[in-house]
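In our numbering, the protein residues as written are 565 to 1004.
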């Protein structure tokens, strides 16, 4: 870290040293080659003074005040001894520019007066007309002062922009961290509802098994099998809930290319909100083998409808159609009942993707594809970008996408989201489902 920090300083010092050497060599060569009559011979003392006038430029960034005073003093002595002004006012002008770039005006303005006096003396020593010498003294120092002060202001503005960018990055990171924490709390609440549902199933099926154990053994065995399945799913969801509660907030996933929506539309439930009471359509429970004898009944209680499932994506699509877009839902493969936690995750991702399409694009058509594969569930939500002016993307905070990523990560899936080259936006989800669960 120390080497990386000092490297720019070393480079700047090397550049300044090269500048000082270049000015000194130019002054010495010019004094040696061009020597009109009437001037003192360019001897060893002239070489020394020419080098002394240029040498302070090597420290022009580290000690600009000293550089200005030393260069003007050496140049004044050079002129006082009768040597021809070869390089002229280059050295004092460069020193003044460096002073104005490094120090405030209250220090640069006196340096401007010193430099103006030196340039006026140089012109008079070179036997220039007084008006020409005065014009040089009044023109060169203010120009050097202006250029140096402008450089200082630009440097200060650049530092301020860097500071603001760093502050903005910290604030965005903090907002993302809070969004992850909030989302984990919401997910934990929903998983709590899922586990409570499993416990209801287990309690109901245990009572059913005890009731028909002697009179209807097949129904009792089926009830016990349902208890085993519900227990395993409950353990999986409990593990997910403990993972949510124990995990430290990390950075949002890198798969997403663009921020998501800020939350739900008024007519829909946002992916960040807690699970609402969502009563399903009236009718029998999804899994109902019917009575097989003296005391059959439903193997899934009526409360199962309170948790959104993928079979209700069609209803969600119809509700979202009120936003002025057409939603097409296509199912590939044989739909099957998945663990409630996975179905809830998939439903929320579809819900948030449709909400984003309604809020952040003028989508004319949105396609939802549900692909049931043997060991996984693939979901693709793609909009065509629509027509007209899209909604302002700067209004989104990206929290909806962060919420989707957090849900999918907890369920062991993969999520990617980003703009398509041909236009539109796509959200792609892959959830591992394990062995297929038979539909009732």
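Where is the CB? At the ideal position from N, CA and C, for every residue including glycine.
Quiz item: Looking only at C-alpha atoms, which of 613, 901 and 883 sits nearest to residue 922?
Solution: 883
- prompt: Should residue 764 be flagged as near chain C, meaning a C-beta pair shorter than 9 Å?
  reply: Included in the structure is just one protein chain, with no chain C present.
Self-check item: Environment of residue 686 [buried if 16+ CB atoms lie within 10 Å]
Solution: buried
Under three-state DSSP, which class holds residue 935?
strand
Examine the Cβ distances between the stretch 628-647 and the stretch 674-683 and report whether three or more of them are shorter than 8 Å. yes
Straight-line Cα distance separating residue 777 from residue 872:
33 Å
For residue 746, three-class secondary structure by DSSP: helix
Measuring only the C-alpha atoms, how far is residue 901 from residue 801?
16 Å
| said: Can you find the residues in the same chain that come closer than 6 Å, C-beta to C-beta, to residue 972, ignoring five residues on each side of it along the sequence? | reply: 979
- [ ] Taking only the alpha-carbon atoms, compute the straight-line gap between residue 988 and residue 931 and give it to the nearest angstrom.
- [x] 11 Å
Starting from residue 735, follow its DSSP beta bridges and name the residues at the other end. Bridge partners of residue 735: none, in fact.
Q: Could you please give me the residues that DSSP links to residue 994 through a beta bridge?
A: 942 and 978
| request: Work out the CA separation of residue 664 and residue 610 for me, nearest whole Å. | output: 29 Å
**Item:** Three-state secondary structure assigned by DSSP to residue 970
**Value:** helix
* Asked: How many Å lie between residue 769 and residue 995 at the Cα?
  -> 29 Å
**Asked** Any chance the stretch 637-647 sits against the stretch 608-626, with 3 or more Cβ pairs inside 8 Å?
**Response** yes
Taking only runs of the beta strand (DSSP E) that begin and end inside the stretch 748-805, which ones reach a length of at least 3 residues, in chain order?
-> none
Looking at the secondary structure, which residues open and close the beta strand (DSSP E) in which residue 875 lies? Run containing residue 875: none; DSSP gives neither H nor E here.
inquiry  = Quick check: residue 712 and residue 661, are their CB atoms within less than 9 Å of each other?
reply    = yes
(Q) Please return the same chain residues whose Cβ sits closer than 7 Å to the Cβ of residue 906, not counting the five positions on each side in sequence. (A) 975, 995 and 997
With distance defined between alpha-carbon atoms, name the residue in 585, 775, 693 and 653 nearest to residue 704.
653
*asked:* Helix, strand or coil, according to DSSP, for residue 898 in the structure here?
replied: coil
Check: For residue 694, does the three-state DSSP call read helix, strand or coil?
Finding: helix
Close-in-space but distant-in-sequence residues of the same chain around residue 881 (CB under 6 Å, 5 per side omitted) | 891 and 893
- Query: Between the Cα of residue 672 and the Cα atoms of 631, 648, 690 and 697, which residue gives the shortest distance?
  - Reply: 631
Alpha carbon to alpha carbon, how far is residue 795 from residue 739? Give it in angstroms, no decimals.
-> 37 Å
Under the three-state DSSP convention, the category residue 890 falls into = strand
Taking residue 936 as the reference, which of 917, 897, 948 and 728 has the closest Cα? 897
**Asked** According to DSSP, which residues form a beta bridge with residue 670?
**Response** Answer is none; residue 670 lacks a bridge partner.
field: Beta-carbon contacts of residue 708 that lie in its chain and below 6 Å, excluding the five residues immediately before and after
entry: 657, 660 and 661
task: Find out if the Cβ-Cβ distance for the pair residue 655, residue 621 is shorter than 9 Å.
output: yes
Notebook entry, point to check: Rounded to a whole number of angstroms, what is the C-alpha to C-alpha distance between residue 576 and residue 585?
Noted result: 14 Å
For this session: Assign residue 580 to one of three DSSP states: helix, strand, or coil.
Result: helix
- Task: Figure out for me which residue from 743, 914 and 928 has the closest Cα to the Cα of residue 942.
- Result: 914
query: Just how far apart, CA to CA, sit residue 982 and residue 991?
result: 7 Å
Handout entry: residue 899 versus residue 933: straight-line alpha-carbon distance, rounded
Key = 12 Å
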